[in-house]
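> Quick one: the structure is below, and I'll ask about it shortly.
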Amino acid sequence: MLMTFIGVPLSVIGSLLHWSNIVLFIIYCLTIVALASYMGRATESLAIVAGPRIGGLLNATFGNAVELIISIFSLKAGLVGIVLASLTGSVLGNLLLVAGLSFFIGGLKFKRQSFNVYDARHNSGLLMFAVIIAFVIPEVFSINMNETKTLSLSIGISVILIILYLAALFFKLVTHRGVYQPSTEKAAHEEEEPEWGKGKAIAVLFIATIAVAYISEHLVHTFEYVGETLGWSELFIGVIIVAIVGNAAEHASAIVMAFKNKMDIAVEIAIGSTLQVAMFVLPVLVLVSLFFDTTMPLLFSWQELIAMVSSVLLMVVISNDGESNWFEGLTLLAAYLIMGIGFYLL
Amino acid sequence: MLMTFIGVPLSVIGSLLHWSNIVLFIIYCLTIVALASYMGRATESLAIVAGPRIGGLLNATFGNAVELIISIFSLKAGLVGIVLASLTGSVLGNLLLVAGLSFFIGGLKFKRQSFNVYDARHNSGLLMFAVIIAFVIPEVFSINMNETKTLSLSIGISVILIILYLAALFFKLVTHRGVYQPSTEKAAHEEEEPEWGKGKAIAVLFIATIAVAYISEHLVHTFEYVGETLGWSELFIGVIIVAIVGNAAEHASAIVMAFKNKMDIAVEIAIGSTLQVAMFVLPVLVLVSLFFDTTMPLLFSWQELIAMVSSVLLMVVISNDGESNWFEGLTLLAAYLIMGIGFYLL
Amino acid sequence: MLMTFIGVPLSVIGSLLHWSNIVLFIIYCLTIVALASYMGRATESLAIVAGPRIGGLLNATFGNAVELIISIFSLKAGLVGIVLASLTGSVLGNLLLVAGLSFFIGGLKFKRQSFNVYDARHNSGLLMFAVIIAFVIPEVFSINMNETKTLSLSIGISVILIILYLAALFFKLVTHRGVYQPSTEKAAHEEEEPEWGKGKAIAVLFIATIAVAYISEHLVHTFEYVGETLGWSELFIGVIIVAIVGNAAEHASAIVMAFKNKMDIAVEIAIGSTLQVAMFVLPVLVLVSLFFDTTMPLLFSWQELIAMVSSVLLMVVISNDGESNWFEGLTLLAAYLIMGIGFYLL
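Chains as they are written, first to last, in my numbering: chain A, 11 to 356; chain B, 11 to 356; chain C, 11 to 356.
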């Protein structure tokens, strides 16, 4: 990806020379997408070197590092609305767009594709917990609460979400490692080799993270102008644009995996990523926001909440049988399109 | 059915002589029920002659022709509320009453009845998509939208629904025909013989459609008087009465199939019919309404929406295992009764 | 349990001498817990003597006798809010706390535990019916109804719930007894021996019921003072405290069963108890309230309703595969904790 070597200097120069916000917005977005793919590869290499347990933890924390960084700068700038919108978009994008494209494109090549049904059900349970319980409860309870209580509830739920997320890693990587997997799969995992050595991976991760952080800080400030110029609402920028930029790397790799009929990995990227955002990135941001001027309670707009709830219900029903085909993919894509139109018009 | 030969002339004479609206209402309803069964048989015969692909398409379009016709005349008369109510009623009636009676009556004869679990899951996905996504999203998003935007969203969703419905037919009849069926079933399907020849079937379909159209136009105008006289609300007439009249033919055949232990067909009629209404009849009506004075956005009342959402969730959970018994039927019937009481009191 | 022989006299003396309400509240609660365990053992013994059919009926009616009694006295005192709250708490407590602890503690000992998947699905259908249909519909329909109509709807739904509950017993104990059970289980059930004889069991049941009734009447009157003193809201007392007191016996026995790897029984206690409350205790109370000054329509607060709806959806997804592990238990417990915090802050 040559993009990185052009994009990063361009971003720095552009921001110093105060180029047009639209141009900067596009440069920033493309550069972040390129950097994200580097970070993904570095994390992947480190994870293989570190072994499955620490590797899983690394993946879990760095997998959505880009989103976390963009969000922290947005929070610092007081853009709570955009942060919640972009996390909503990340959930919708991973659940409907990434999984939808994987199912659809994989399904064009293969008539029926199957994935580990136990993992699918484990993930369904977590999706229900995170979205239907942890996001819905503060929304409904805060109706009769003042701000302080709403914030207390948000903090409590955030802590519970993070603990349960760590417990899920512990469950998957320690106590129940391989319990729900067919033995053939276990063997296949052993062979992987890291793309980069430990030193190079850490260096790439370190440099790319700093670059993403620098660009993110500037990206955030272009939102307002871009929205005004193109007539896009804050919600649409957050839910659709930022979400696609922040998750571009995942999109690409999930679809490649689906095309190779490795549906287990494709589904894991799509749903695993959703869970990372919902159960780790979001609650961490709620807690981080306590150190900023504007705190962020766990309160989505009703439109965001219902969009997530209905997507989760659709995904749970569709993924429950451990099989996919092109039509299921198309259904998810159609759902994403409906949400996209909805947020655009809002 | 002698009813047709008496009912049609009676309807014409009655409407010319301005008989009491209650009497006319009853004559119209019974005649439509009789004509609907003729249309059903004609469609069935044509479908067999035309082969499974075109036949499936024919069934899909003419299967709910009666409802479509009644609804278009209601729309022309500006009765948007009654149209949405009758489509809600059609969804509830097919999901709860038709399937409930099939499961219950079939279950009285057989201890456990089973149907194709793949079809059931495919249908569950579509039900979730249509009701939980396509109907819920405009309801929640329109809260913060003006009328023009709500209509744009409705049009977009309607187009997506129709495309996905056609894609589902393509999936079932072309790319995945027989993929999810046990081989024994495939053989059984070959033997069917059409009841009527091609010419007779087309003639019956043509004449019956015209007769239904004529009567429907008059039926629509009796609603107001009937409601006032019997103390029934517009909602109750739409959700319960019109829905039962419009779906009487399906009711009868689904129950007969269940009694013969052909649960695949019974379920297909009940849920397939629901999907036709939700993904084809309704969006077509939204688009057709653009040519009339009163446009119809995809906005149900909250009561209608929640009734459909909860029915779909119940049906998904109950049908998910591909088995039925009398108690599952009774549960669906009890749910229908609760909705019936609710709409009556509203 | 020595607690009973000290608790009952203490309760009587305390209430006569007008001890501090907090002290009385604690004595009453502990005594009821002790008495409940006696009633449970008496019911169990009677059920074995009476055979599975009458026994099932006995369990169904006396299983939640304590809750029914406390609630009737609360209703008589006009505390409709507390009754609905405590029934909500009973549903949440059984679904999330009892099942969660069973799954978690059982899962600490066994890697994978399984229970009858047919029963789990049967119960899922009933949970959906009771909570998603019978509780949600009056909530949404009553928005546009006056009080009389809301009460009529509540009465209608209550009657339907009771009939369906009895039908479910008929289904399980008569028409489909053993149909969905592996043959090994059937054999195991024959051996049970009653702990107490018929006469002793009836005597214990009779005396304990009177004692519970006496104490409950006094317990109800301490709620207000306890709430004021400890800063607990009526909702929190109802949903969390009363629910735990009323269901302590079930909690203990479900966990013991899970620890013995008898997950069928643990799940039956947790979910069966939820269904008893939702489909029998609650509708009976609605009907009983017609004889009191303050009638109780089937109307929960939105917070209570959404808490129950989301818990049911979570449980349906988690229990659907007929397997459990410690992490699924932890997920349920985390959900209970979130609800607890929510109701505490409300």
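Quick reminder that beta carbons are idealized off the backbone N, C-alpha and C, glycines included.
Counting pairs of beta carbons, one from the segment 118-127 of chain A and one from the segment 326-342 of chain A, are three or more of them closer than 8 Å?
Flag = yes, the segment 118-127 of chain A and the segment 326-342 of chain A touch.
> When you compare each of A:Val214, A:Ala253, A:Ile279 and A:Val93 to A:Leu308 by their alpha carbons, which one comes out closest?
As a working mapping, residue 308 of chain A is identified with position 298 in the first sequence. With distances taken between Cα atoms, A:Leu308 lies closest to A:Val93.
> For B:Leu137, which residues of its own chain have a beta-carbon under 6 Å away from its beta-carbon, when the five flanking residues on both sides are left out?
Walking along the second sequence from the start, residue 137 of chain B turns up at place 127. These residues qualify, in order along the chain: Val322.
> Which residues does DSSP pair with B:Gln123 in a beta bridge?
By one-based count along the second sequence, residue 123 of chain B stands at place 113. B:Ser334.
> Quick one: residues in its chain with C-beta nearer than 7 Å to the C-beta of A:Ala44, no 5 flanking neighbours on either side, listed in chain order?
One-based indexing of the first sequence puts residue 44 of chain A at position 34. Correct list, in chain order: Met11, Met13, Thr14 and Gly17.
> Check for me: the alpha helix (DSSP H) holding C:Gly99 runs from which residue to which?
As a working mapping, residue 99 of chain C is identified with position 89 in the third sequence. Here the alpha helix (DSSP H) through C:Gly99 covers Val90 to Leu102.
> Along chain C, which residues have their Cβ under 8 Å away from the Cβ of B:Glu338?
By 1-based counting over the second sequence, the position of residue 338 of chain B is 328. Chain C residues near B:Glu338: Gly135.
> Whose C-beta lies closer than 6 Å to the C-beta of A:Pro293 among residues of the same chain, with five residues either side of it excluded?
For this step, residue 293 of chain A is matched to residue 283 along the first sequence. Contacts found: Ser168, Leu171 and Ile172.
> For A:Ala178, decide whether its Cβ has a neighbour in chain C, counting only Cβ atoms nearer than 8 Å.
The residue you call residue 178 of chain A lines up with position 168 of the first sequence. Closer than 8 Å: yes.
> Could you tell me which uninterrupted alpha helix (DSSP H) segments, each at least 4 residues in length, are contained entirely in the segment 289-328 of chain C, listed from first to last along the chain?
Runs of the alpha helix (DSSP H) inside the segment 289-328 of chain C: 292-298.
> Where A:Ile32 and B:Leu97 are concerned, what is the direct C-alpha to C-alpha distance, given to the nearest angstrom?
By 1-based counting over the first sequence, the position of residue 32 of chain A is 22. By 1-based counting over the second sequence, the position of residue 97 of chain B is 87. Taking the straight line from one Cα to the other gives about 46 Å.
> Do the CB positions of B:Asn257 and B:Ser100 come within less than 8 Å of each other?
Taking the second sequence and counting its residues from 1, one reaches residue 257 of chain B at position 247. Taking the second sequence and counting its residues from 1, one reaches residue 100 of chain B at position 90. Yes.
> For A:Ile156, does the count of other Cβ atoms within 10 angstroms reach 16, so buried, or fall short, so exposed?
Translated into positions along the first sequence, residue 156 of chain A becomes position 146. It is worth fixing the name first, because residue 156 of chain A is Asn in this sequence and not Ile. Per the 10 Å Cβ criterion, exposed.
> Flag B:Gln123 as yes if its beta-carbon sits less than 8 Å from any beta-carbon of chain C, otherwise no.
As a working note, residue 123 of chain B is residue 113 in the second sequence. Not an interface residue.
> Going by beta-carbon coordinates alone, are B:Ser320 and C:Ile143 separated by less than 8 Å?
If you number the second sequence from 1, residue 320 of chain B lands on position 310. If you number the third sequence from 1, residue 143 of chain C lands on position 133. In this structure, C:Ile143 lies closer than 8 Å to B:Ser320 by Cβ.
> Quick one: residues in its chain with C-beta nearer than 6 Å to the C-beta of B:Val214, no 5 flanking neighbours on either side, listed in chain order?
As a first step, residue 214 of chain B must be located in the second sequence, where it is residue number 204. Hits under 6 Å: Tyr48 and Ala52.
> Output the distance between the C-alpha atoms of A:Ile115 and A:Ile281, rounded to the nearest integer angstrom.
Looking up residue 115 of chain A in the first sequence gives position 105. Looking up residue 281 of chain A in the first sequence gives position 271. If I take the Cα positions, the gap works out to 17 Å.
> Output yes if chain C places a C-beta closer than 8 Å to the C-beta of A:Arg131; else output no.
Position 121 of the first sequence, counting from 1, holds the residue named residue 131 of chain A. Chain C contact via Cβ: present.
> So, for C:Trp312: in the same chain, excluding its five sequence neighbours on each side, which residues have a beta-carbon less than 6 Å away from its beta-carbon?
As a working mapping, residue 312 of chain C is identified with position 302 in the third sequence. Nothing meets the Cβ criterion.
> Using the rule of at least 16 other Cβ atoms within 10 Å of the residue's Cβ for burial, across every protein chain shown, is A:Glu238 buried or exposed?
Mapped onto the first sequence, residue 238 of chain A falls at position 228. Under this definition A:Glu238 is an exposed residue.
> Could you pull out every residue in the same chain whose Cβ sits closer than 7 Å to the Cβ of A:Leu176, ignoring the five residues on either side in sequence?
Numbered from its first residue, the first sequence carries residue 176 of chain A at position 166. Closer than 7 Å at the Cβ level, and outside the excluded window around A:Leu176, lies no residue.
> For B:Val146, go through chain A and note every residue whose CB falls closer than 8 Å to its CB, in chain order.
Within the second sequence, numbered from 1, the residue matching residue 146 of chain B stands at position 136. Per Cβ cutoff of 8 Å: Ile316 and Ser320.
> Might you give, ordered along the chain, the residues of its own chain that have their beta carbon closer than 8 Å to the beta carbon of B:Ile165, omitting 5 neighbours on each side?
For the purposes of this step, residue 165 of chain B is taken as the residue at position 155 of the second sequence. Closer than 8 Å at Cβ, skipping near neighbours: Val296, Leu297 and Leu300.
> Should A:Ser30 be flagged as near chain B, meaning a C-beta pair shorter than 8 Å?
Indexing the first sequence from 1 puts residue 30 of chain A at position 20. No, its Cβ sits nowhere closer than 8 Å to a Cβ of chain B.
> Got a sec: which bits of the segment 285-319 of chain B sit with their beta carbon under 8 Å from any beta carbon on chain C, in order along the chain?
So the list reads Trp312, Gln313, Ile316 and Ala317, given in the order they occur along the chain.
> Along the alpha helix (DSSP H) that carries C:His186, what are the first and last residues, could you check?
Locating residue 186 of chain C in the third sequence gives position 176, counting from the first residue. From DSSP, C:His186 is part of no alpha helix (DSSP H); its letter is neither H nor E.
> For B:Gly332, which residues from the same chain have a beta carbon less than 6 Å from its beta carbon, with the 5 sequence-adjacent residues on both sides left out?
Start at 1 with the first residue of the second sequence, and residue 332 of chain B comes out as number 322. Contacts found: Ser124, Phe125, Val127 and Ala130.
> A:Ala57 touches chain B at which residues, Cβ-Cβ below 7 Å?
For the purposes of this step, residue 57 of chain A is taken as residue 47 along the first sequence, with counting starting at 1. Going along chain B, no residue has its Cβ under 7 Å from A:Ala57, so there is no contact; the nearest lies around 34 Å.
> Output the distance between the C-alpha atoms of B:Met325 and B:Ser30, rounded to the nearest integer angstrom.
The residue labelled residue 325 of chain B in the question sits at position 315 within the second sequence. The residue labelled residue 30 of chain B in the question sits at position 20 within the second sequence. Each residue's Cα considered, the two are about 41 Å apart.
> Which chain B residues are close to C:Leu228, counting only those with a beta carbon under 9 Å from its beta carbon?
Counting from one through the third sequence, the residue named residue 228 of chain C turns up at place 218. Just to set this straight, residue 228 of chain C is His in the shown sequence, not Leu. Ordered by position in chain B, no residue passes the 9 Å Cβ test against C:His228, which lies about 37 Å from the chain.
> Quick one: list the residues of chain C neighbouring A:Met155, beta-carbon separation under 8 Å, in chain order.
For this step, residue 155 of chain A is matched to residue 145 along the first sequence. Result: Leu355 and Leu356.
> Would you call the CB atoms of A:Phe151 and C:Leu356 closer than 8 Å?
What you label residue 151 of chain A is simply residue 141 of the first sequence in a count that begins at 1. What you label residue 356 of chain C is simply residue 346 of the third sequence in a count that begins at 1. It is a contact, given that the beta carbons lie within the stated cut-off.
> Helix, strand or coil, according to DSSP, for A:Leu240 in the structure here?
The residue you call residue 240 of chain A lines up with position 230 of the first sequence. The answer is helix: DSSP assigns A:Leu240 an H, G or I state.
> At what residue ranges does the segment 207-240 of chain A contain a whole run of the alpha helix (DSSP H), taking only runs of 4 or more?
Listed in chain order, the complete alpha helix (DSSP H) runs (minimum 4 residues) inside the segment 207-240 of chain A are 208-240.
> Would you verify that the beta carbon of C:Ile351 is, or is not, closer than 8 Å to some beta carbon of chain A?
Position 341 of the third sequence holds residue 351 of chain C. Taking Cβ atoms only, chain A reaches closer than 8 Å to C:Ile351, which makes this a yes.
> By Cβ distance, which residues of its chain are closer than 8 Å to B:Leu20, with the 5 residues on each side in sequence left out?
Here the question's residue 20 of chain B lines up with position 10 in the second sequence. So the qualifying residues of the chain are Ile37 and Thr41.
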